[in-house]
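Shown next, in structure tokens, is the structure this report addresses.
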Amino acid sequence: MKQTLKNYGVFLLFLTFSGVSFLLEYDFGIRIFDNFMIFARDMVLIIPPAFVLIGLFDVWARREKVEKHFGNTNNPLRFVWAVLLASTTVGGTFVAFPLANALYHKGAKYSSILSYVTAASLFMIPMTIMEAGMLGIKFTLIRLLASLPFIFLGSIYLGRHLEKIGYELPKIDQ
Amino acid sequence: MAGLYVFTGMALLISFFLDREKTRTGLKRGMMKLKKTMPSYLKLLVIIAIVLLLSEEIIIETLGQERIFLGLISSLILGSITMMPGFIAYPLAKILVARGVQYMVVAGFVTSLMLVGVVTYPLEKEYFGKRATLLRNLVGFFIAAAIALVTGIFYGEVGLG
Numbered sequence: 000m001k002q003t004l005k006n007y008g009v010f011l012l013f014l015t016f017s018g019v020s021f022l023l024e025y026d027f028g029i030r031i032f033d034n035f036m037i038f039a040r041d042m043v044l045i046i047p048p049a050f051v052l053i054g055l056f057d058v059w060a061r062r063e064k065v066e067k068h069f070g071n072t073n074n075p076l077r078f079v080w081a082v083l084l085a086s087t088t089v090g091g092t093f094v095a096f097p098l099a100n101a102l103y104h105k106g107a108k109y110s111s112i113l114s115y116v117t118a119a120s121l122f123m124i125p126m127t128i129m130e131a132g133m134l135g136i137k138f139t140l141i142r143l144l145a146s147l148p149f150i151f152l153g154s155i156y157l158g159r160h161l162e163k164i165g166y167e168l169p170k171i172d173q
Numbered sequence: 000m001a002g003l004y005v006f007t008g009m010a011l012l013i014s015f016f017l018d019r020e021k022t023r024t025g026l027k028r029g030m031m032k033l034k035k036t037m038p039s040y041l042k043l044l045v046i047i048a049i050v051l052l053l054s055e056e057i058i059i060e061t062l063g064q065e066r067i068f069l070g071l072i073s074s075l076i077l078g079s080i081t082m083m084p085g086f087i088a089y090p091l092a093k094i095l096v097a098r099g100v101q102y103m104v105v106a107g108f109v110t111s112l113m114l115v116g117v118v119t120y121p122l123e124k125e126y127f128g129k130r131a132t133l134l135r136n137l138v139g140f141f142i143a144a145a146i147a148l149v150t151g152i153f154y155g156e157v158g159l160g
């Protein structure tokens, strides 16, 4: 009970504040709540099925397969898989973080999952289409193509560092 | 969005058909993970709600710097500490371009917006731990800067020589 209160304290405080704001027609509070709803609406729809899929991934994905495609440092194709998986991840990093964690515990290398997470924030297909419409296709093409080498270099570099210090990602489901 | 549900439904059906027990374990594990990280998701939403109070005027003013590199640095910092959905960020980016803000600065803003998440820290650390989260965002900051510079070069806003 105490733990629950601690975990959800910020949120409960926020709900109370929003409720009071609506009662008193306090404009500032109502604006914050409206902002909250912008992301909350999407999250409520995306998060549950995403975690169902991550759970299924956990029980069905075989370790050898993950190791083969994401864990072998001599396999440059893993970067291609990482980017493809990233561009099709619905929900961006909110979903990519838990999936990357699951991949890691199935034997994926740091450089693969870091590329995946980074690409997931930069390569979301609906966002990219919107961007091209607003800022022009030239802008989007430069952004996407320029980002690839930096994503890979950054991920390899950071991956090496994390391996060197023997870093391990937290386990979530225990 | 509907596609996600169709896909999840199909995956569940196939999984259930192949192995009920495994499916049950998978669902349990997925829900366990969700339950454990739910507070962080909620916290994140509250933080974003507050960050979104930052008005468009402030952003436009901050990024429309006389000196381009000051604009670039402001865009990277502003993009790192804020987070907004595409349907707010891109119309804003369009306004910036229309007001004469350089493409390099706009690229710095949208890229760091997506790539560096100071506000997503509470969520990311659940999955990556503190150290990797900090380093990943730091590397992301430099990647955003590099992408912005490349954009500036392609638009002829900064010279190579």
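Here the protein sequences line up with chains A and B, keeping their order.
According to numbering that gives the first Met the number 0, the stretch in the first sequence is residues 0 to 173, in order.
According to numbering that gives the first Met the number 0, the stretch in the second sequence is residues 0 to 160, in order.
We put the beta carbon where it would ideally sit given N, CA and C, even for glycine.
As the structure is a computational prediction, the values presented were derived from the model and not from experiment.
Under 9 Å between C-beta atoms of L98 (chain A) and F149 (chain A): To locate residue 98 (chain A), count along the first sequence from 1; it is residue 99. To locate residue 149 (chain A), count along the first sequence from 1; it is residue 150. Not a contact, by the Cβ cut-off of 9 Å.
Contact under 9 Å by Cβ, L95 (chain B) with G63 (chain B): Position 96 of the second sequence holds residue 95 (chain B). Position 64 of the second sequence holds residue 63 (chain B). In contact: L95 (chain B) and G63 (chain B) (Cβ atoms closer than 9 Å).
8 Å contact criterion, which A131 (chain B) and V109 (chain B) should meet: CB distance rounded: As a first step, residue 131 (chain B) is located in the second sequence; it is residue number 132 there, counting from the start. As a first step, residue 109 (chain B) is located in the second sequence; it is residue number 110 there, counting from the start. With 8 Å as the limit, A131 (chain B) and V109 (chain B) do not qualify as a contact, their Cβ atoms being about 24 Å apart.
M30 (chain B) versus G135 (chain A): straight-line alpha-carbon distance, rounded: Residue mapping note: residue 30 (chain B) aligns to position 31 of the second sequence, counting from 1. Residue mapping note: residue 135 (chain A) aligns to position 136 of the first sequence, counting from 1. Roughly 41 Å between the two C-alpha positions.
Segment contact flag, the segment 136-146 of chain A with the segment 53-70 of chain A, C-beta cutoff 8 Å, min 3 pairs: no
Residue-level contact to chain A via CB, G29 (chain B), 9 Å cutoff: Looking up residue 29 (chain B) in the second sequence gives position 30. Chain A contact via Cβ: present.
Reference G90 (chain A); option with closest CA among A:A118, A:N74, A:K105 and A:S146: By 1-based counting over the first sequence, the position of residue 90 (chain A) is 91. That would be A:A118, whose Cα lies nearest to the Cα of G90 (chain A).
Cβ neighbour criterion (16 or more within 10 Å) applied to F38 (chain A): What you label residue 38 (chain A) is simply residue 39 of the first sequence in a count that begins at 1. By the 10 Å Cβ count, F38 (chain A) comes out buried.
Below-9 Å beta-carbon distance, S73 (chain B) vs any chain A residue: Taking the first residue of the second sequence as 1, we reach residue 73 (chain B) at position 74. Chain A contact via Cβ: absent.
Exposure of I47 (chain B), with buried meaning 16 or more beta-carbon neighbours within 10 Å: Reading the second sequence from its first residue, position 48 is the one you call residue 47 (chain B). I47 (chain B) should be labelled buried.
Any 3 or more C-beta pairs closer than 8 Å across the segment 52-70 of chain B and the segment 139-149 of chain B: no
Simplified DSSP state of S120 (chain A), which is helix, strand or coil: Counting from 1 along the first sequence, the entry for residue 120 (chain A) is found at position 121. Looking at S120 (chain A) - three-state DSSP - the assignment turns out to be helix.
Chain A within 9 Å of L51 (chain B), Cβ atoms only: In the second sequence, the residue the question calls residue 51 (chain B) occupies position 52. Chain A, which has a Cβ nearer than 9 Å to the Cβ of L51 (chain B), makes this yes.
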